[in-house]
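Undergrad: Take this structure first; my questions come after.
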Amino acid sequence: MPIYEKLMGNPFVDAGVCGICEWLGRRVQPEQINAEDLEEVINDVAPIMQTGAGWKNLHGIFPNSVLTNPAYRKQNQVELLKKECKVYLETVIELGQTGDCMGCGRRAANTWLSRTHVPLTGAQNSNFFSSYAEGAGYCSACALAIQLSPLTFVATGGKFLTLHSNSWKALKSWVRVCVGDIRQQQLQLDRTGCYNPGYANPRNGLFYMAQEMAQFQEMRTDENIAMQVYYFTNYNQGPELEVFFMPAPLFRFLRVVYQSAFKTAWQEIVRSAYVKVNWDKVESEEDYKNRTNRVYENLLQDISILGYFLNKRIRKLRGNWELLSLYLKEIKTMEQTQLQKIKEVGDLVAECIRKSGRDRRLTQLERAKSYGECRNILRYVIRDRIQQGAPEPLFSIDDYVEHLFPASDNFTATPWRETRDLLLFRVYEQLHNWLQEKGFVDFDEDATLDADEISDTE
6 MPIYEKLMGN
16 PFVDAGVCGI
26 CEWLGRRVQP
36 EQINAEDLEE
46 VINDVAPIMQ
56 TGAGWKNLHG
66 IFPNSVLTNP
76 AYRKQNQVEL
86 LKKECKVYLE
96 TVIELGQTGD
106 CMGCGRRAAN
116 TWLSRTHVPL
126 TGAQNSNFFS
136 SYAEGAGYCS
146 ACALAIQLSP
156 LTFVATGGKF
166 LTLHSNSWKA
176 LKSWVRVCVG
186 DIRQQQLQLD
196 RTGCYNPGYA
206 NPRNGLFYMA
216 QEMAQFQEMR
226 TDENIAMQVY
236 YFTNYNQGPE
246 LEVFFMPAPL
256 FRFLRVVYQS
266 AFKTAWQEIV
276 RSAYVKVNWD
286 KVESEEDYKN
296 RTNRVYENLL
306 QDISILGYFL
316 NKRIRKLRGN
326 WELLSLYLKE
336 IKTMEQTQLQ
346 KIKEVGDLVA
356 ECIRKSGRDR
366 RLTQLERAKS
376 YGECRNILRY
386 VIRDRIQQGA
396 PEPLFSIDDY
406 VEHLFPASDN
416 FTATPWRETR
426 DLLLFRVYEQ
436 LHNWLQEKGF
446 VDFDEDATLD
456 ADEISDTE
């Protein structure tokens, strides 16, 4: 049996194992790691992880360790770390079938560790585990992996992000970024510690991670890869833990938009969602990337971002129907038949507005603030089309109840806003040139925003 396997379940152990593999290179897999490999990594990494040489943020990972406790400052702390890790190494055994180790569950726990050696473990803080004890039992192999896990952490706002996933490939792709940065620090003789892309906002940092991972060829879009990110600090004065979950449909959607022709339009949508940004004074992304982003916040909370595909102020789209359809099918699980019917109705509404020669109905639809108002405006369009001699109805009663305004368990949650915005999106797309030619492009968007859509970003 090997010492390690892929995705044993503990996020800190898996992060450490992945970091070991990436450090060794040569496409090493966890099952191939042996004692000589572990000794090589210990000898390489121990000199790097010095608080006096840039890794000052280790206090938030391993407080009171041989690297961070002032009591050890007059000693050779690097040698102390090597010695500590090699003590683990001497008692490393291969995986078994069962065991009480908190890291792998497949070996006997032969050492009892507190938060000094395992982040968030112990009764006096936000215990990562459920035992609520002074520490937890680990086998030597898992304990050693955890000591090397900072290779894979992201420093953000005084805390750390560590990734866990149901996919080893995804975890390996991200760790490649982190370890690559640390190796670059070595080459430049400028050690700054854990990889730090400058994100103090952990949610924005999570989406940055997804974007970086999407660049790798092996990250195919037909795999159901979910991500769980732990935002934590193990600092003595106040350990904290917050967990963010990115479900597989969302990550799959992001991989498509980051790798395709949708990328520019998606970036425009995201940019429009930053809160309280004075764009006239923005010189670079650094000026706004840590501001709250409502698209990111909504995606993580499964709240619709449909309104951000529209710039109602100038009656312009962000993206196209294909991008919008991708979002609705992947994230909102909307059926293709419903999308197609709304698209057809939107085309007919657009043609009716064009034939009328004015934008009155469009303005009314933009300003609709209730299901009743939205329904009445569609009734006006039906009447207009009859007067125009339209050969077919705007929609059937079945289309109305099944596709445009489907029934909801909670009537107050009837998705009329979603239908209205989808119709507006299609009308803007169909009438883009006509609206410009007629001068129907200036519009007071503030008069159309619902309470849950108010934006400070434009």
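For the sequence shown, counting from 1, position 109 maps to 114 in this note's numbering; every step adds exactly one. Think of the CB as a built atom: it goes at the ideal place given N, C-alpha and C, for glycine as much as any other residue. The structure displayed is predicted, hence computed values, not measured ones.
According to DSSP, is residue 48 helix, strand or coil?
TA: Taking the first residue of the sequence shown as position 1, residue 48 is located at position 43. Helix, per DSSP.
Undergrad: Whose CA, out of 349, 28, 401 and 90, lies closest to the CA of residue 185?
TA: As a position in the sequence shown, residue 185 is number 180, starting the count at 1. When only C-alpha atoms are compared, the closest one is 28.
Undergrad: Would you call the segment 425-441 and the segment 342-355 touching, i.e. three or more CB-CB distances under 8 angstroms?
TA: yes
Undergrad: Does the beta-carbon of residue 67 have 16 or more other beta-carbons within 10 angstroms, so that it is buried, or is it exposed?
TA: Position 62 of the sequence shown, counting from 1, holds the residue named residue 67. Buried, because 16 or more other Cβ atoms sit within 10 Å of the Cβ of residue 67.
Undergrad: What residue range is occupied by the uninterrupted beta strand (DSSP E) comprising residue 168?
TA: The sequence position of residue 168 within the sequence shown is 163, counting from 1. Element bounds for residue 168: 164-170.
Undergrad: Does DSSP classify residue 9 as helix, strand or coil?
TA: On the sequence shown, residue 9 is found 4 positions in, with the first residue counted as 1. Residue 9 sits in coil when the DSSP states are folded into three classes, being neither helix nor strand.
Undergrad: What is the C-beta distance between residue 295 and residue 201, in whole angstroms, given that I count them as a contact (C-beta under 8 angstroms)?
TA: Looking up residue 295 in the sequence shown gives position 290. Looking up residue 201 in the sequence shown gives position 196. About 13 angstroms; that fails the 8 angstroms criterion.
Undergrad: Can you tell me whether DSSP reads residue 83 as helix, strand or coil?
TA: What you label residue 83 is simply residue 78 of the sequence shown in a count that begins at 1. Helix.
Undergrad: DSSP three-state label for residue 200, please.
TA: Counting from 1 along the sequence shown, the entry for residue 200 is found at position 195. DSSP places residue 200 in strand when its eight states are reduced to three.
Undergrad: Give me whichever residues DSSP pairs with residue 234 in a beta bridge.
TA: The residue labelled residue 234 in the question sits at position 229 within the sequence shown. According to DSSP, which records beta bridges pairwise, residue 234 is partnered with 168 and 249.
Undergrad: By Cβ distance below 6 angstroms, which residues in the same chain neighbour residue 436 in space, the five residues on each side in sequence not counted?
TA: In the sequence shown, counting from the first residue as 1, residue 436 sits at position 431. Same-chain partners within the cutoff: 355.
Undergrad: Applying the 10 Å Cβ sphere with the 16-neighbour rule, what's the burial state of residue 271?
TA: The residue given as residue 271 occupies position 266 in the sequence shown. So residue 271 counts as buried.
Undergrad: Is residue 351 helix, strand or coil by DSSP?
TA: Here residue 351 refers to the residue found at position 346 of the sequence shown. In the structure shown, residue 351 sits in a helix (DSSP, three-state: H, G or I).
Undergrad: Name the two residues that bound the continuous beta strand (DSSP E) containing residue 240.
TA: Position 235 of the sequence shown, counted from the first residue, corresponds to residue 240. That residue, residue 240, is in no beta strand (DSSP E); it is neither H nor E in DSSP.
Undergrad: Check each candidate in 288, 348, 37 and 255 and name the one with the smallest Cα separation from residue 309.
TA: Here residue 309 is taken as the residue at index 304 of the sequence shown, counted from 1. Ranking 288, 348, 37 and 255 by Cα distance to residue 309 puts 255 first.
Undergrad: Quick one: is residue 453 buried, meaning 16 or more other Cβ sit within 10 Å of its Cβ, or exposed?
TA: Looking up residue 453 in the sequence shown gives position 448. Residue placement at residue 453 is flagged as unreliable, the pLDDT there being 45, under the threshold of 50; the coordinate-derived value follows with that caveat. Its Cβ being crowded by 16 or more others within 10 Å, residue 453 is buried.
Undergrad: Give the secondary structure of residue 146 by DSSP, where H, G and I count as helix, E and B as strand, and everything else as coil.
TA: Position 141 of the sequence shown, counted from the first residue, corresponds to residue 146. Helix at residue 146.
Undergrad: Quick check: the Cα distance between residue 155 and residue 49, rounded to an integer number of angstroms?
TA: On the sequence shown, position 150 is the one that residue 155 refers to. On the sequence shown, position 44 is the one that residue 49 refers to. Cα-Cα distance, rounded: 14 angstroms.
Undergrad: Helix, strand or coil: which one does DSSP assign to residue 279?
TA: Within the sequence shown, residue 279 is the residue found at index 274, counting from 1. In the structure shown, residue 279 falls within a strand segment according to DSSP collapsed to helix, strand and coil.
Undergrad: Alpha carbon to alpha carbon, how far is residue 32 from residue 102? Give it in angstroms, no decimals.
TA: Position 97 of the sequence shown, counted from the first residue, corresponds to residue 102. Position 27 of the sequence shown, counted from the first residue, corresponds to residue 32. Their Cα atoms are separated by approximately 26 angstroms.
Undergrad: Under a three-way DSSP split, which group does residue 126 fall into?
TA: Counting from 1 along the sequence shown, the entry for residue 126 is found at position 121. In the three-state reduction of the DSSP assignment, residue 126 falls in the coil class, being assigned neither a helical nor a strand state.
Undergrad: Which value, in whole angstroms, describes the spacing of the CA atoms of residue 235 and residue 152?
TA: Indexing the sequence shown from 1 puts residue 235 at position 230. Indexing the sequence shown from 1 puts residue 152 at position 147. Their Cα atoms are separated by approximately 17 angstroms.
Undergrad: Do residue 63 and residue 73 have their CB atoms nearer than 7 angstroms?
TA: Here residue 63 refers to the residue found at position 58 of the sequence shown. Here residue 73 refers to the residue found at position 68 of the sequence shown. Contact flag set, yes.
Undergrad: For residue 42, I'd like the list of residues in its chain whose CB is within less than 6 angstroms of its CB, leaving aside the five on either flank, ordered along the chain.
TA: By 1-based counting over the sequence shown, the position of residue 42 is 37. If we look at residue 42 and ignore the five residues flanking it on each side, its Cβ neighbours are 29.
Undergrad: With a CB to CB cut of under 8 angstroms and the five nearest residues on each side skipped, what residues in its chain are close to residue 292?
TA: Translated into the one-based positions of the sequence shown, residue 292 becomes position 287. Residues of the same chain with a CB within less than 8 angstroms of the CB of residue 292, apart from the 5 flanking positions on each side, are 282 and 286 in chain order.
Undergrad: From which residue to which residue does the alpha helix (DSSP H) around residue 386 run?
TA: By 1-based counting over the sequence shown, the position of residue 386 is 381. From DSSP, the alpha helix (DSSP H) with residue 386 extends over 376-392.
Undergrad: Comparing C-alpha positions only, which one of 89, 318, 302 and 57 sits nearest to residue 372?
TA: The count along the sequence shown starts at 1 and reaches residue 372 at position 367. Out of 89, 318, 302 and 57, 318 has the C-alpha closest to the C-alpha of residue 372.
Undergrad: Using the C-alpha atoms, what's the distance from residue 386 back to residue 348?
TA: Residue mapping note: residue 348 aligns to position 343 of the sequence shown, counting from 1. Residue mapping note: residue 386 aligns to position 381 of the sequence shown, counting from 1. Their Cα atoms are separated by approximately 16 angstroms.
Undergrad: Among 405, 274, 403 and 176, which one has its Cα closest to the Cα of residue 26?
TA: Walking along the sequence shown from the start, residue 26 turns up at place 21. Comparing Cα positions, the closest option is 176.
Undergrad: My assumption, with CB atoms under 8 angstroms, is that residue 108 sits in contact with residue 171. Please give the rounded CB distance.
TA: What you label residue 108 is simply residue 103 of the sequence shown in a count that begins at 1. What you label residue 171 is simply residue 166 of the sequence shown in a count that begins at 1. No, residue 108 and residue 171 are not in contact; Cβ-Cβ is about 18 angstroms, not under 8 angstroms.
Undergrad: Let's test the definition: count the other Cβ atoms within 10 Å of the Cβ of residue 417 and tell me whether it reaches 16, buried, or not, exposed.
TA: The residue labelled residue 417 in the question sits at position 412 within the sequence shown. In this predicted model, residue 417 has a pLDDT of only 48, less than 50, meaning its place in the structure is not dependable; the value taken from the coordinates is given anyway. Classification for residue 417: exposed.
Undergrad: Which class does residue 116 belong to by DSSP, given the choice of helix, strand or coil?
TA: Start at 1 with the first residue of the sequence shown, and residue 116 comes out as number 111. If DSSP states are grouped into helix, strand and coil, residue 116 belongs with the strands.
Undergrad: For residue 321, does the three-state DSSP call read helix, strand or coil?
TA: By one-based count along the sequence shown, residue 321 stands at place 316. Correct three-state label for residue 321: strand.
Undergrad: Within its chain, find whatever has a CB closer than 7 angstroms to the CB of residue 93; leave out the 5 residues flanking it on each side and keep chain order.
TA: Here residue 93 refers to the residue found at position 88 when the sequence shown is read from its first residue. If the five residues before and after residue 93 are omitted, its C-beta is found closer than 7 angstroms to the C-beta atoms of 145, 148 and 149, all from its own chain and listed in chain order.
Undergrad: Just tell me which of 125, 118, 180 and 221 has its CA closest to the CA of residue 20.
TA: For the purposes of this step, residue 20 is taken as the residue at position 15 of the sequence shown. Closest option to residue 20, Cα to Cα, is 180.
Undergrad: Skipping 5 residues on each side, what residues in its chain have a beta carbon closer than 8 angstroms to that of residue 61?
TA: The residue given as residue 61 occupies position 56 in the sequence shown. Answer for residue 61: 198, listed in chain order.
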